[in-house]
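Presented below is the structure to which this report refers.
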Amino acid sequence: MSHSHNIPFLDLVTPHVELEQELTEVFQKAIRTAGFIGGPVVEGFEKAFAMFCDTGFSVAVSSGTDALRFAIMACGIQPGDVVVTVPHTFIATTEAISQAGALPEFVDIDEQTYNMDPEKLRDYLETQCTTEKSGKLISRRSGRPVTAIVPVHLYGQMVDMDAILELAEQYGLIVIEDACQAHGAEYFSRKHNRWMKAGSVGRAAAFSFYPGKNLGACGEAGAITTNDEALAAKMKMLRDHGQAKKYYHDVEGYNGRLDAVQAGILSVKLPHLAKWNAQRRQRAAEYNRLLATADGGVVPPYEPSWSRAVYHLYVVRTEDRDGMAAHLKTAGIGTGIHYPIPLHLQKAYSSHGYKVGDFPICEKISGQILSLPMYPQLTAEQQARTVREVLDFARSETAVKPALSESGELATTGRTA
Ligand SMILES: Cc1ncc(COP(=O)(O)O)c(C=O)c1O
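Note that the working numbering numbers the sequence shown so that position 223 is 218, with each residue one more than the last.
Spelled out as structure tokens, the structure:
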């Protein structure tokens, strides 16, 4: 079947064409002033982004990966320390941990939110670590000190941070948020009795402005947020060859600055972010409504009452995921899988000694998740056609495997039609 109106997984052209004149002016200004690196445009964006995230400071860097690496290093995590995260994330999370000299160790995810499960973290800290007389927490697995946690706000939904922060306080661990997919996401803090933004909760947080993100540059870009001025100063040194004053290098740093053209582009787009996030939430609500007519074969994303997700991705679960992806491809509808192979089973980490069965929830859902088209400009017609095809497939005889129940468990009876 051929379709004249294909539905892309992501439309990156429309928002840029809409802002073309303002975006072009940024480049023109950079050319006319030769202000390419640093300067007032970068500082202006940093102030605006910190304000958007409800944080005191933001430090603009060259990517989300650098943001996370610099945050980990500046927070004082030492080479050889263990940093706890999840296996269900993009590899940049663990690359940043490893490249800061630390060792990633994993805890499994929650089956409904797909984010770090605080109970699994508690279990890890209670049963897989020992506390030395000195008070140091040691991982039994690696024999190394556990000093930090990196919760990942995946798909645009924040982790259950109250529970994570409580455990971190109890065990003296530093929390660094991977907010690379969660610009503007919020969770309701029971402790503070108010909604809190991604990036404002941990000691520091990393954001990515990769073009496809909710706030994307026209190239590579990232930022760190923190409320700690001294920490922000350290991060600024790390991104700029370890110097606060030109050619006076206090430490060995990196070339991790954000250039002024990207900062200018991000400054043009930032005022639209809240509106774009609201549109994503509306699109998600519409998908939920359309999918509610499904007969149990397709599980929509779960948003707890304490969460306001910004739907960087809209991810459903279905038993015959690969079959559904192929069906949608034939129908001219783009999809993605985020992510097909859990990190602990990636070849890159084969020397870390993990095996199949170590993180069963993550392993199970990685074979079932499918990301549907999601962007602010997605139309109601495109959504209706997408869900029609999703449901056609789910109900068809092609999908002969048992359906998933609402809770995501396999139903005891198989689908018959
Ligand atoms: C969860 C997560 N962490 C880290 C990163 C790294 O960001 P970047 O691609 O800007 O380096 C990304 C984005 O790609 C991400 O999705």
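Positions of the beta carbon are idealized from the N, C-alpha and C atoms, including for glycine. None of the values given here were measured: they were computed from a predicted structure.
* Asked: Just to confirm, are ALA216 and ALA174 a CB contact at a threshold of 8 Å?
  -> For the purposes of this step, residue 216 is identified with residue 221 of the sequence shown, where counting begins at 1. For the purposes of this step, residue 174 is identified with residue 179 of the sequence shown, where counting begins at 1. No. Outside cutoff.
* Would the region 126 to 138 and the region 365 to 385 be scored as touching if the rule is three or more Cβ pairs under 8 Å? -> no
* Selection from ILE86, ALA279 and ASP235 that minimises the alpha carbon distance to PRO371 -> On the sequence shown, residue 371 is found 376 positions in, with the first residue counted as 1. ALA279 is the residue among ILE86, ALA279 and ASP235 whose C-alpha sits nearest the C-alpha of PRO371.
* Would you give the residue range spanned by the alpha helix (DSSP H) that TYR166 belongs to? => The sequence position of residue 166 within the sequence shown is 171, counting from 1. It spans 156 to 166 - the alpha helix (DSSP H) in which TYR166 sits, taken as one unbroken run.
* Nonlocal neighbours in the same chain, by C-beta distance under 6 Å from THR408, ignoring five residues either side -> Walking along the sequence shown from the start, residue 408 turns up at place 413. Residue placement at THR408 cannot be trusted, given a pLDDT of 32 that sits under 50; the coordinates are not used to answer.
* With C-beta atoms as the reference, is GLY179 less than 8 Å away from LYS24? -> The count along the sequence shown starts at 1 and reaches residue 179 at position 184. The count along the sequence shown starts at 1 and reaches residue 24 at position 29. Result no, Cβ atoms of GLY179 and LYS24 do not sit closer than 8 Å.
* **Range of the contiguous beta strand (DSSP E) that encloses TRP190** => Residue mapping note: residue 190 aligns to position 195 of the sequence shown, counting from 1. Membership of TRP190 in the beta strand (DSSP E) is indicated by the continuous run 189 to 192.
* **Minimum C-alpha distance to VAL246 - residue among ALA43, LEU14 and PHE65** => Locating residue 246 in the sequence shown gives position 251, where the first residue counts as 1. Nearest of ALA43, LEU14 and PHE65 to VAL246, Cα basis: PHE65.
* To do: Return the chain-ordered list of same chain residues with a C-beta closer than 6 Å to the C-beta of HIS0, the five sequence neighbours on each side being excluded.
  => Position 5 of the sequence shown, counting from 1, holds the residue named residue 0. Setting aside the 5 residues that flank it on each side, HIS0 has no residue in the same chain whose C-beta is closer than 6 Å to its C-beta.
* To do: Check whether the region 48 to 63 touches the region 185 to 200, taking contact to mean three or more Cβ pairs, one atom from each stretch, closer than 8 Å.
  => yes
* Per the contact definition of three or more C-beta pairs closer than 8 Å, is the region 95 to 111 in contact with the region 66 to 73? -> Using a C-beta cut-off of 8 Å, the region 66 to 73 makes contact with the region 95 to 111, since at least three inter-stretch Cβ pairs fall below that distance.
* To do: Give the straight-line distance between the Cα atoms of LYS240 and GLY331, rounded to the nearest whole angstrom.
  => Locating residue 240 in the sequence shown gives position 245, counting from the first residue. Locating residue 331 in the sequence shown gives position 336, counting from the first residue. Cα-Cα distance, rounded: 45 Å.
* Candidates GLU358, ARG390, ALA326 and ILE360: closest to GLN377 by CA position -> One-based indexing of the sequence shown puts residue 377 at position 382. Comparing Cα-Cα distances from GLN377 to each of GLU358, ARG390, ALA326 and ILE360, the minimum goes to ALA326.
* Ends of the alpha helix (DSSP H) at LEU116? -> Counting from 1 along the sequence shown, the entry for residue 116 is found at position 121. DSSP places LEU116 inside the alpha helix (DSSP H), whose first and last residues are 113 to 122.
* Which value, in whole angstroms, describes the spacing of the CA atoms of ASP157 and VAL196? -> Translated into positions along the sequence shown, residue 157 becomes position 162. Translated into positions along the sequence shown, residue 196 becomes position 201. If I take the Cα positions, the gap works out to 9 Å.
* **Given LYS192 as reference, the closest of THR221, GLY207, LYS131 and ALA91 once Cα atoms are compared** => Mapped onto the sequence shown, residue 192 falls at position 197. When each option's Cα is compared against that of LYS192, the closest is THR221.
* Asked: Is the beta carbon of ARG252 sitting closer than 8 Å to the one on ILE32?
  -> Within the sequence shown, the letter at position 257 stands for residue 252. Within the sequence shown, the letter at position 37 stands for residue 32. Taking 8 Å as the Cβ cut-off, ARG252 and ILE32 qualify as a contacting pair.
* Hey, would you say the C-beta of CYS357 is under 7 Å away from at least one heavy atom of ligand 1? -> Position 362 of the sequence shown holds residue 357. Because no heavy atom of ligand 1 lies under 7 Å away, the Cβ of CYS357 does not count as near it: no.
* Asked: Hey, is CYS70 close to ligand 1, as in C-beta under 7 Å from one of its heavy atoms?
  -> As a working note, residue 70 is residue 75 in the sequence shown. Because no heavy atom of ligand 1 lies under 7 Å away, the Cβ of CYS70 does not count as near it: no.
* DSSP on PHE4, reduced to helix/strand/coil? -> Start at 1 with the first residue of the sequence shown, and residue 4 comes out as number 9. In this structure, PHE4 counts as coil in the three-state DSSP scheme.
* Cβ contact check for the region 159 to 171 and the region 304 to 322: 3 or more pairs under 8 Å -> no
* To do: Would you identify the three-state DSSP class for TYR242, choosing helix, strand or coil?
  => Residue numbering aside, residue 242 sits at position 247 when the sequence shown is read from its first letter. Residue state, collapsed to three classes: coil.
* **Expected contact under 8 Å - CB spacing of TYR150 and HIS307 to nearest Å** => The residue labelled residue 150 in the question sits at position 155 within the sequence shown. The residue labelled residue 307 in the question sits at position 312 within the sequence shown. So it is a contact: roughly 6 Å between Cβ atoms.
* Which residue from HIS148, THR313 and VAL141 puts its Cα closest to that of GLN73? -> Counting from one through the sequence shown, the residue named residue 73 turns up at place 78. Among HIS148, THR313 and VAL141, the Cα nearest to that of GLN73 belongs to VAL141.
* Asked: My guess is that PRO296 and VAL310 are in contact by the Cβ rule of under 8 Å, so how many angstroms apart are they, rounded?
  -> Numbered from its first residue, the sequence shown carries residue 296 at position 301. Numbered from its first residue, the sequence shown carries residue 310 at position 315. That belief holds up - the Cβ atoms of PRO296 and VAL310 are roughly 6 Å apart, short of 8 Å.
* Indicate, with yes or no, if ligand 1 has a heavy atom lying under 7 Å from the CB of SER478. => There is simply no residue 478 to check, as the chain begins at -4 and stops at 412 in what is shown.
* Asked: Thinking C-alpha only, which one of TYR166, ALA287 and ALA228 is nearest VAL79?
  -> Translated into the one-based positions of the sequence shown, residue 79 becomes position 84. That would be TYR166, whose Cα lies nearest to the Cα of VAL79.
* Asked: Does DSSP classify ALA199 as helix, strand or coil?
  -> Locating residue 199 in the sequence shown gives position 204, where the first residue counts as 1. Of the three classes helix, strand and coil, the one that applies to ALA199 here is strand, per DSSP.
* To do: If I'm right that SER262 touches VAL102 with Cβ under 8 Å, what's the distance once you round it to whole angstroms?
  => By one-based count along the sequence shown, residue 262 stands at place 267. By one-based count along the sequence shown, residue 102 stands at place 107. VAL102 and SER262 do not touch by the CB rule: their CB atoms are close to 37 Å apart, not below 8 Å.
* Counting pairs of beta carbons, one from the region 227 to 242 and one from the region 75 to 89, are three or more of them closer than 8 Å? -> In short, these stretches do not touch, since the Cβ pair count stays below three.
* So, helix, strand or coil for ARG383, using DSSP? -> Here the question's residue 383 lines up with position 388 in the sequence shown. Collapsing the DSSP output to three states places ARG383 in a helix.
* Is there at least one non-hydrogen atom of ligand 1 closer than 7 Å to the beta-carbon of PHE40? -> Translated into the one-based positions of the sequence shown, residue 40 becomes position 45. Because no heavy atom of ligand 1 lies under 7 Å away, the Cβ of PHE40 does not count as near it: no.
* Excluding five sequence neighbours on each side, which residues of the same chain lie with their C-beta closer than 6 Å to the C-beta of ARG390? -> By 1-based counting over the sequence shown, the position of residue 390 is 395. Here the set comprises nothing.
* To do: Compute the beta-carbon to beta-carbon distance between TYR119 and ILE360, rounded to the nearest angstrom, for a pair I have assumed lies under 8 Å.
  => In the sequence shown, counting from the first residue as 1, residue 119 sits at position 124. In the sequence shown, counting from the first residue as 1, residue 360 sits at position 365. TYR119 to ILE360, Cβ: 19 Å. No contact.
* Is the beta carbon of ILE159 sitting closer than 8 Å to the one on MET230? -> Sequence index remark: in the sequence shown, residue 159 carries index 164 (1-based). Sequence index remark: in the sequence shown, residue 230 carries index 235 (1-based). Contact: no.
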